[in-house]
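In the working numbering, the protein residues as written are 9 to 159.
Even glycine gets a Cβ: it sits at the ideal position worked out from N, Cα and C.
Encoded as structure tokens, the structure appears first; notes follow it.
In structure tokens form, the structure reads like this:
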């Protein structure tokens with residue numbers, strides 16, 4: 009990237025991670041709710057949550073890039089370059105925390121443990137993913153790719 013200060017890189021990383029968190033949280037919560045409500049195994053529930061997190065995460069990036077005039081295939085390429093590492097890190101951390109919190113996956117939707125663990129897991133994933141995004145943005149990768157297409 010151009011000449012960015014450490015503070016501006018951190019600010020960009022926080023913004024990129026919040027963007028990622030939004031898509032991940034929508035997909036993660038939806039996947040956890042569906043899998044838990046249907047009584048699916050932990051593995052099936054996590055797979056659904058991860059797939060939906062990627063779908064929603066990429067969707068939130070593709071929309072504004074399409075508005076900038078890029079064709080869908082090119083916009084998809086931008087989203088993949090911008091978000092794949094960030095979403096993957098967030099999902100690994102988020103789901104690991106959910107599995108490590110005793111009873112979180114088995115507590116059910118009506119239990120506060122499920123919701124507290126899910127909120128905590130997303131918060132931990134955010135904290136872990138900010139430095140990853142900062143490192144990538146400093147090298148012109150990750151969400152730095154998206155900003156080339158914003159007006």
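- The C-alpha of residue 95 is placed about 10 Å away from the C-alpha of residue 59.
- Within the model, the alpha-carbon separation for residue 124 versus residue 144 is close to 30 Å.
- Between residue 56 and residue 39, the gap from beta carbon to beta carbon is short of 9 Å.
- Three or more Cβ pairs closer than 8 Å define a contact, and the region 133 to 152 meets that threshold against the region 84 to 99.
- When DSSP states are grouped into helix, strand and coil, residue 13 belongs to the coil group.
- Contact between residue 117 and residue 44 holds, since their C-beta atoms are separated by about 6 Å, short of 8 Å.
- It is roughly 33 Å from the alpha-carbon of residue 71 to the alpha-carbon of residue 47.
- The continuous stretches of alpha helix (DSSP H) do not include residue 109, and DSSP gives it neither H nor E.
- Nearest C-alpha to residue 131 among 81, 33, 83, 119: 33.
- With a minimum length of 4 residues, the unbroken runs of alpha helix (DSSP H) contained wholly in the region 124 to 158 fall at 152 to 155.
- If you check the CB distance, residue 73 and residue 63 do not come in under 9 Å.
- With respect to the 9 Å criterion, residue 99 and residue 127 are not classified as neighbours on the basis of their beta carbons.
- For residue 74, the enclosing alpha helix (DSSP H) covers residues 50 to 75.
- With a threshold of 16 other beta carbon atoms within 10 Å, residue 35 meets it and is buried.
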